[in-house]
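> Attaching a single structure in structure tokens format; questions to follow.
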Amino acid sequence: MASIAIRWFNAENVLFSAILFLVEFIRGAGVISFLPIYGEKTLGLSLDVIGIAVTAHYVTDTVLKLFIGYLLDRISAHIVVQVGLVLTTAGIAILPYSQSPWLFIAASALFGIGISPIWIVCLTRVSNQKRATQMGFLYTIWFIGLGTGPIVANVLLDYTRSGTYMMLLIASAAALVLSLLMKPGRATGIATIPFKEQMRILQHKLSQMKLLLPGMILQTTGASMLVPILPSFATDQLGLTGAQYSLLLVVGGGFTVAGLMPLGRLADKLGGKKWFLVIGFFCFGLMLYSLAWLPSFWQCLLLAAILGLSYAAVLPAWNALLASYVPVKQQGLGWGLFSTVEGIGVMIGPIVGGVIASRIGVPAVVWYSAALFGLIGLFYLWFPFHHFKEKQSDSRKKG
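Numbering (the working numbering), first residue to last: 4 to 402.
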């Protein structure tokens, strides 16, 4: 048990947290802000090429999580992370020379490959004891990095695109330098099992959690449906200015960050995750439903705060539920597989949202997303958590 119960707040895991922050900062700044503006305004590329490049980033990030997880179970994590960050740095470095569409797409794909490993490494370092608390901290780092990246990039892009590019390159190089401080060696308690045997065990795990698989995809689909329509919904439907929309995002993100740690500790203290998922998803759906009625700006701020707290309640509890199905001695491959399944929703959500918006209208996307989260809340209200606890106990005994 001592090898499994790894304390999160030690020097090694703080190092992982710093690398994770930089990587997610680069992702947020690069994908959300820099690539679209730099590709169109500086490189003169068309919007469809930029769209393909952004998709290539997420596809490589999602698909390769499974392969990276497999590698983490067999070779040292520091090698996997360092190679990934070399590819990230290379992808950023060739952007100024990417006037050709295929090279721009390839650079974005390299960017996605390099970002994948560190998140899975962090997941394998979280112990079963106080998992929700540790995941609250981990999600806080992830959210702050992903949120501050676009904010900083947007400010810099108003003054200098080349300076924004240099910021991304320096941040990527800094993450690579920090990765050199990682200790060699695979995680303790990880057994090297033949790939076919690993897939057999994971197939059994997927069979055990088959009831959760649709929810895994629907949760990320419901959230990513909103990505392509949020700016236009805020300005055209809610009548918000750019500054008001930015403030709305800051409030929502701020309440998420503020709630992750205390709600994670509360979930650990109460020893149950069901009601965090049920109430969190119900509140999320209800707040989106309320937004669809086009409230005033001050009401929007209140709704954004509640949305942030709802998200903070769901994240640690959901991870704790999912973690029970990760084989103890195959954490890299297990988390890679589950991250890949969740990533399917991230890839299809924007497409679904875009189709609904073009055929029915932008507000309809918010309605459908709200309904989807409400159904997910009903699902967890029904979900047999007592059966889940029995399987969790059996898995630990076998692990």
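Idealized CB from N, CA, C, for every residue including glycine.
Have a look at residue 362 and residue 354 and give me their C-alpha separation to the nearest angstrom.
Numbered from its first residue, the sequence shown carries residue 362 at position 359. Numbered from its first residue, the sequence shown carries residue 354 at position 351. C-alpha separation (whole angstroms): 12 angstroms.
> So, residue 160 versus residue 151, is the Cβ gap smaller than 7 angstroms?
Indexing the sequence shown from 1 puts residue 160 at position 157. Indexing the sequence shown from 1 puts residue 151 at position 148. It is not a contact, given that the beta carbons lie outside the stated cut-off.
> Pick out the complete alpha helix (DSSP H) segments inside the stretch 60-89, 4 residues or longer, and give them in chain order.
Entirely contained in the stretch 60-89, not one alpha helix (DSSP H) run reaches 4 residues.
> What is the C-beta distance between residue 347 and residue 220, in whole angstroms, given that I count them as a contact (C-beta under 8 angstroms)?
Your numbering for residue 347 matches position 344 in the sequence shown. Your numbering for residue 220 matches position 217 in the sequence shown. Right, their Cβ atoms sit about 5 angstroms apart.
> Rounded to a whole number of angstroms, what is the C-alpha to C-alpha distance between residue 82 and residue 187?
Residue numbering aside, residue 82 sits at position 79 when the sequence shown is read from its first letter. Residue numbering aside, residue 187 sits at position 184 when the sequence shown is read from its first letter. Distance between the alpha carbons of residue 82 and residue 187: 8 angstroms.
> Are residue 156 and residue 25 touching if we call contact CB-CB under 7 angstroms?
Translated into the one-based positions of the sequence shown, residue 156 becomes position 153. Translated into the one-based positions of the sequence shown, residue 25 becomes position 22. Cβ atoms of residue 156 and residue 25: not closer than 7 angstroms.
> Measure the alpha-carbon distance for residue 224 versus residue 257 and round it to whole angstroms.
To locate residue 224, count along the sequence shown from 1; it is residue 221. To locate residue 257, count along the sequence shown from 1; it is residue 254. When rounded, the distance between both Cα atoms is 23 angstroms.
> So, at 6 angstroms on beta carbons, what are the nonlocal neighbours of residue 315 in its own chain, with the 5 sequence-adjacent residues on each side left out?
Position 312 of the sequence shown, counting from 1, holds the residue named residue 315. Closer than 6 angstroms at the Cβ level, and outside the excluded window around residue 315, lie 259, 262, 263 and 266.
> Are at least three pairs of beta-carbons, each pair with one atom in the stretch 87-97 and one in the stretch 111-124, less than 8 angstroms apart?
Because the criterion of three Cβ pairs below 8 angstroms is met, the stretch 87-97 and the stretch 111-124 touch.
> Tell me the rounded alpha-carbon separation between residue 170 and residue 158.
Stepping through the sequence shown from its first residue, residue 170 is reached at position 167. Stepping through the sequence shown from its first residue, residue 158 is reached at position 155. Distance between the alpha carbons of residue 170 and residue 158: 12 angstroms.
> Quick check on DSSP: helix, strand or coil for residue 113?
In the sequence shown, the residue the question calls residue 113 occupies position 110. Here residue 113 sits in helix by DSSP.
> Is residue 242 buried or exposed, if buried means 16 or more other CB atoms sit within 10 Å of its CB?
Locating residue 242 in the sequence shown gives position 239, where the first residue counts as 1. Label assigned to residue 242: exposed.
> Note down the Cα distance separating residue 184 from residue 36, rounded to an integer number of angstroms.
Here residue 184 corresponds to residue number 181 of the sequence shown, with the count starting at 1. Here residue 36 corresponds to residue number 33 of the sequence shown, with the count starting at 1. When rounded, the distance between both Cα atoms is 30 angstroms.
> Return the residue from the list 253, 381 and 110 that minimises the CA-CA distance to residue 59.
Here residue 59 corresponds to residue number 56 of the sequence shown, with the count starting at 1. Closest by alpha carbon: 110.
> Using 7 angstroms as the threshold, is the C-beta distance between residue 121 and residue 84 below it?
Looking up residue 121 in the sequence shown gives position 118. Looking up residue 84 in the sequence shown gives position 81. Contact: yes.
> What is the DSSP secondary structure of residue 102, reduced to helix, strand or coil?
Counting from 1 along the sequence shown, the entry for residue 102 is found at position 99. Three-state result, residue 102: coil.
> Considering residue 222, what are the terminal residues of the alpha helix (DSSP H) in which it resides?
Residue mapping note: residue 222 aligns to position 219 of the sequence shown, counting from 1. Here the alpha helix (DSSP H) through residue 222 covers 216-227.
> Take the Cβ of residue 17 as the centre, count every other Cβ of all protein chains shown within 10 Å, and call the residue buried at 16 or more, exposed below.
Numbered from its first residue, the sequence shown carries residue 17 at position 14. Exposed is the call here.
> Can the beta-carbon of residue 34 be found less than 7 angstroms from the beta-carbon of residue 57?
As a working note, residue 34 is residue 31 in the sequence shown. As a working note, residue 57 is residue 54 in the sequence shown. Yes, they are a contact pair.
> Beta carbon of residue 279, beta carbon of residue 379: below 7 angstroms?
Here residue 279 is taken as the residue at index 276 of the sequence shown, counted from 1. Here residue 379 is taken as the residue at index 376 of the sequence shown, counted from 1. Cβ distance not < 7 angstroms, so residue 279 and residue 379 don't count as in contact.
> Beta-carbon within less than 7 angstroms of residue 401's beta-carbon, same chain only, minus the 5 sequence neighbours each way: which residues are those?
Position 398 of the sequence shown holds residue 401. Unreliable positioning characterises residue 401 in this predicted model, as indicated by a pLDDT of 49, which lies under 50. The coordinate reading is nonetheless provided below. No residues qualify anywhere along the chain.
> The alpha helix (DSSP H) that contains residue 370, what's its start and end?
Residue numbering aside, residue 370 sits at position 367 when the sequence shown is read from its first letter. Run containing residue 370: 365-385, per the alpha helix (DSSP H) assignment.
> Going by C-alpha to C-alpha distance, which of 104, 118 and 317 sits closest to residue 383?
Sequence index remark: in the sequence shown, residue 383 carries index 380 (1-based). Among 104, 118 and 317, the Cα nearest to that of residue 383 is on 317.
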